[in-house]
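J.:
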Amino acid sequence: MSQSVGAGSRKYSETVNAVSLCRTPSINSKPTVCIENMPSEMLIKVFSYLDVVSLLHVACVNKRFYQLASDNGIWLKIYSSCFPAKRRIWKNEFLQTESVPLSCTVVEDRKPGYWKEKYILKQIATVKTRVMQLVKPVDPCTDLPCKNQKAIKASGLSWIIVLKDKNEKEHVMEMAHLSFKDMSVSIYWYGTSWPCLDVLSTLKLFGVIPLLPDQSTAPSKNGPRRRSLIAEYYLSHLTESSVAVGSDKLVQLFSLNPGLLVGLWKGSNEIAFVTVSLHYHQLLERSALGSATVQYVLPTNKPVLDDVDPEYGLHDYDLHLDMHSGKHTYMCGTFKNLFCRKGDIENGYLKLTVVNLKDNAKHIPLVGTVGLSWETTAFKGIVKDCYMMDVTVLDETHKPFWCFSAPVCMKLSSQVSNLYDYMGHIYTTDYADSEGKVCAELVWLEETKEYFIVSLVLYISTEKVNNWYGTNY
Numbered sequence: 042m043s044q045s046v047g048a049g050s051r052k053y054s055e056t057v058n059a060v061s062l063c064r065t066p067s068i069n070s071k072p073t074v075c076i077e078n079m080p081s082e083m084l085i086k087v088f089s090y091l092d093v094v095s096l097l098h099v100a101c102v103n104k105r106f107y108q109l110a111s112d113n114g115i116w117l118k119i120y121s122s123c124f125p126a127k128r129r130i131w132k133n134e135f136l137q138t139e140s141v142p143l144s145c146t147v148v149e150d151r152k153p154g155y156w157k158e159k160y161i162l163k164q165i166a167t168v169k170t171r172v173m174q175l176v177k178p179v180d181p182c183t184d185l186p187c188k189n190q191k192a193i194k195a196s197g198l199s200w201i202i203v204l205k206d207k208n209e210k211e212h213v214m215e216m217a218h219l220s221f222k223d224m225s226v227s228i229y230w231y232g233t234s235w236p237c238l239d240v241l242s243t244l245k246l247f248g249v250i251p252l253l254p255d256q257s258t259a260p261s262k263n264g265p266r267r268r269s270l271i272a273e274y275y276l277s278h279l280t281e282s283s284v285a286v287g288s289d290k291l292v293q294l295f296s297l298n299p300g301l302l303v304g305l306w307k308g309s310n311e312i313a314f315v316t317v318s319l320h321y322h323q324l325l326e327r328s329a330l331g332s333a334t335v336q337y338v339l340p341t342n343k344p345v346l347d348d349v350d351p352e353y354g355l356h357d358y359d360l361h362l363d364m365h366s367g368k369h370t371y372m373c374g375t376f377k378n379l380f381c382r383k384g385d386i387e388n389g390y391l392k393l394t395v396v397n398l399k400d401n402a403k404h405i406p407l408v409g410t411v412g413l414s415w416e417t418t419a420f421k422g423i424v425k426d427c428y429m430m431d432v433t434v435l436d437e438t439h440k441p442f443w444c445f446s447a448p449v450c451m452k453l454s455s456q457v458s459n460l461y462d463y464m465g466h467i468y469t470t471d472y473a474d475s476e477g478k479v480c481a482e483l484v485w486l487e488e489t490k491e492y493f494i495v496s497l498v499l500y501i502s503t504e505k506v507n508n509w510y511g512t513n514y
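Taking my numbering, the leading residue of the sequence shown gets 42, the next gets one more, and so forth.
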């Protein structure tokens, strides 16, 4: 009898253990220890050991973490370590400065998040000051910053494009690489995740700069960054013939001012790559000192009236011209003392003749085979008879007056050159924006396989001249 009872109890206990092992925990059960259940004082203590970037990331978790990660005590400590307060003292008849610790009262008397906001604004001001210092050295010939490549690297500056579709969804593309020239920088984007052009409405170009720059490390894409709007392009009419630049067997090129070049795969509206060419004039200011919604406003020129010179604002212009693509430079030249007579002002433009058709001595050859190079992750090529044109026009005081960098193309003219020294087909290159136009004529010499610029004329808007000089042409 006792044996059967013992066997029954063992069988019961085994059954109970088996059931308890198979039983699954309740779905609604929570672990007894959870970081969200920790007291606020303990979480603030944990957050105080984080670096700034990690602290900003934690603040994005939820509302409670945002409030705790904005604690004035934490941010006052960070602010004090980066920007210690200093006072002047006299020691041994010499004026010296020493760091002074901030008191605890400044924590209690401030609104929540005060020192976080103050630290971020101080960092932004520090970045702006560094940018302005880096662009001070200028080239004596072009009056453009001469250390742009070094300045861009030191400031951590880069560029992104944001494509917005018709449903207001944004697609952010990080730049692939850069190409620096004497007066401009070309920025390239390519990849396999482009949205279809048919669904896109706008493309915005931003300069992005680290909010907390660390020159000892490469800028992080995941860290906090500030955006500065440079340009906005509307893509609804991109494929119209008026903006077509050229094509090869794989891609078609289309351009929009200022400096945008979009490559589409032939036979479809799929984007192959995007390139933007940015002129150096005020480049770092435009790329770093604007906001995410408002472009940086270039400082206006204060006109100085000249009552003595009857043709004030019509003479002593200098032109710096660069025609290039990638690593190849086809022509780079400087033309001084350009002028316009009052009688040459017509249709709202000043006419500045750079290369005269009848002056053979000033005709200029282009070096190499002209073509605009492009590449993607899988393909690369060259579109013939296209190139990047960089123009810098200086006024009589040697200040940048009209600057641009843009893709252009050479179109075959129906006319044939009647110049004795240049018998061949004529090609024309035209560029226009709100401030002026560039018109060039080139002749192709079949014998030497090269182009010659036989005519080059700048047309500058009288409105631009009047606003700059305070005149009334």
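Glycine residues also receive a C-beta, built at the ideal position from the N, C-alpha and C atoms.
Have a look at F560 and D363 and give me their C-alpha separation to the nearest angstrom.
T.: Because the chain here runs from 42 to 514, residue 560 falls outside it and cannot be looked at.
J.: Enumerated in chain order, which unbroken segments of the alpha helix (DSSP H) with a length of 4 residues or greater are wholly contained in the stretch 396 to 470?
T.: The stretch 396 to 470 contains no whole alpha helix (DSSP H) run of 4 or more residues.
J.: Would you kindly report the start and end of the unbroken beta strand (DSSP E) that includes A313?
T.: Residue numbering aside, residue 313 sits at position 272 when the sequence shown is read from its first letter. Where A313 is concerned, the enclosing beta strand (DSSP E) stretches over I312 to H320.
J.: May I ask which residues mark the beginning and end of the alpha helix (DSSP H) holding A533?
T.: Because the chain here runs from 42 to 514, residue 533 falls outside it and cannot be looked at.
J.: Which residue's Cα is closest to the Cα of E416: Y468, H218 and V172?
T.: As a first step, residue 416 is located in the sequence shown; it is residue number 375 there, counting from the start. The candidate whose alpha carbon is nearest that of E416 is H218.
J.: Using the C-alpha atoms, what's the distance from N378 back to L360?
T.: The sequence position of residue 360 within the sequence shown is 319, counting from 1. The sequence position of residue 378 within the sequence shown is 337, counting from 1. L360 and N378: Cα-Cα distance of roughly 9 Å.
J.: On the DSSP letters alone, give me the boundaries of the alpha helix (DSSP H) that Q190 sits inside.
T.: Within the sequence shown, the letter at position 149 stands for residue 190. N189 to S196 is the extent of the alpha helix (DSSP H) around Q190.
J.: Would DSSP call T512 helix, strand or coil?
T.: As a first step, residue 512 is located in the sequence shown; it is residue number 471 there, counting from the start. Reduced to three states, the DSSP call for T512 is coil.
J.: For the structure I just gave you, are there three or more beta carbon pairs, one from the stretch 155 to 170 and one from the stretch 205 to 215, closer than 8 Å?
T.: No: fewer than three Cβ pairs fall under 8 Å.
J.: What number of angstroms, rounded off, separates the C-alpha of H404 from the C-alpha of L291?
T.: Locating residue 404 in the sequence shown gives position 363, where the first residue counts as 1. Locating residue 291 in the sequence shown gives position 250, where the first residue counts as 1. So the alpha carbons of these two residues sit roughly 35 Å apart.
J.: To the nearest angstrom, report how far apart L330 and M173 are at their CA atoms.
T.: By one-based count along the sequence shown, residue 330 stands at place 289. By one-based count along the sequence shown, residue 173 stands at place 132. Taking the straight line from one Cα to the other gives about 10 Å.
J.: Taking the C-alpha atoms as reference points, what is the distance between L355 and M464?
T.: Reading the sequence shown from its first residue, position 314 is the one you call residue 355. Reading the sequence shown from its first residue, position 423 is the one you call residue 464. Cα to Cα, L355 sits roughly 35 Å from M464.
J.: Starting from F493, follow the alpha helix (DSSP H) in both directions and report where the run begins and ends.
T.: Stepping through the sequence shown from its first residue, residue 493 is reached at position 452. From DSSP, F493 is part of no alpha helix (DSSP H) but of the beta strand (DSSP E) over E491 to S502.
J.: Three-state secondary structure (DSSP) at L84?
T.: Along the sequence shown, one-based indexing puts residue 84 at 43. Looking at L84 - three-state DSSP - the assignment turns out to be helix.
J.: I need the DSSP call for S50, collapsed to helix, strand or coil.
T.: Walking along the sequence shown from the start, residue 50 turns up at place 9. With a pLDDT of 48 at S50, under the threshold of 50, the predicted position of this residue should be treated as unreliable, though the coordinate-derived value follows. If DSSP states are grouped into helix, strand and coil, S50 belongs with the helices.
J.: In chain order, what residues of the same chain have a beta carbon less than 7 Å from the beta carbon of L453, not counting five sequence neighbours either side?
T.: Start at 1 with the first residue of the sequence shown, and residue 453 comes out as number 412. Same-chain partners within the cutoff: H466 and Y468.
J.: Where does A481 sit, in a helix, a strand or coil, going by DSSP?
T.: Here residue 481 corresponds to residue number 440 of the sequence shown, with the count starting at 1. DSSP places A481 in strand when its eight states are reduced to three.
J.: Which whole-angstrom value is the C-beta distance of V284 and S296, which I expect to be below 8 Å?
T.: Within the sequence shown, residue 284 is the residue found at index 243, counting from 1. Within the sequence shown, residue 296 is the residue found at index 255, counting from 1. That belief holds up - the Cβ atoms of V284 and S296 are roughly 6 Å apart, short of 8 Å.
J.: Closest to Y120 by C-alpha separation, out of Q293, F247, Y90 and K157, would be which residue?
T.: One-based indexing of the sequence shown puts residue 120 at position 79. Here the closest residue by C-alpha is K157.
J.: So S366 packs on L413, CB below 8 Å; how close in whole Å?
T.: Counting from 1 along the sequence shown, the entry for residue 366 is found at position 325. Counting from 1 along the sequence shown, the entry for residue 413 is found at position 372. With a Cβ gap of about 5 Å, S366 and L413 count as contacting.
J.: Within this structure, are the beta carbons of V87 and P265 separated by less than 8 Å?
T.: Within the sequence shown, residue 87 is the residue found at index 46, counting from 1. Within the sequence shown, residue 265 is the residue found at index 224, counting from 1. Against a cut-off of 8 Å, the Cβ pair of P265 and V87 comes out as no contact.
J.: Can you tell me the Cα-Cα spacing of M429 and Q164, whole angstroms?
T.: By 1-based counting over the sequence shown, the position of residue 429 is 388. By 1-based counting over the sequence shown, the position of residue 164 is 123. Near 37 Å, if we compare the C-alpha coordinates of Q164 and M429.
J.: Along the alpha helix (DSSP H) that carries V168, what are the first and last residues, could you check?
T.: Here residue 168 refers to the residue found at position 127 when the sequence shown is read from its first residue. Looking at the DSSP string, the run of the alpha helix (DSSP H) that includes V168 is Y155 to L175.
J.: What residue range is occupied by the uninterrupted alpha helix (DSSP H) comprising S121?
T.: What you label residue 121 is simply residue 80 of the sequence shown in a count that begins at 1. Segment N113 to C123, the alpha helix (DSSP H) holding S121.
J.: First and last residue of the alpha helix (DSSP H) that includes A110?
T.: Taking the first residue of the sequence shown as position 1, residue 110 is located at position 69. Start and end: K104 to A110.
J.: So does the stretch 491 to 508 actually touch the stretch 381 to 399, counting three or more Cβ pairs closer than 8 Å?
T.: The stretch 491 to 508, when compared against the stretch 381 to 399, does touch it at the 8 Å Cβ threshold.
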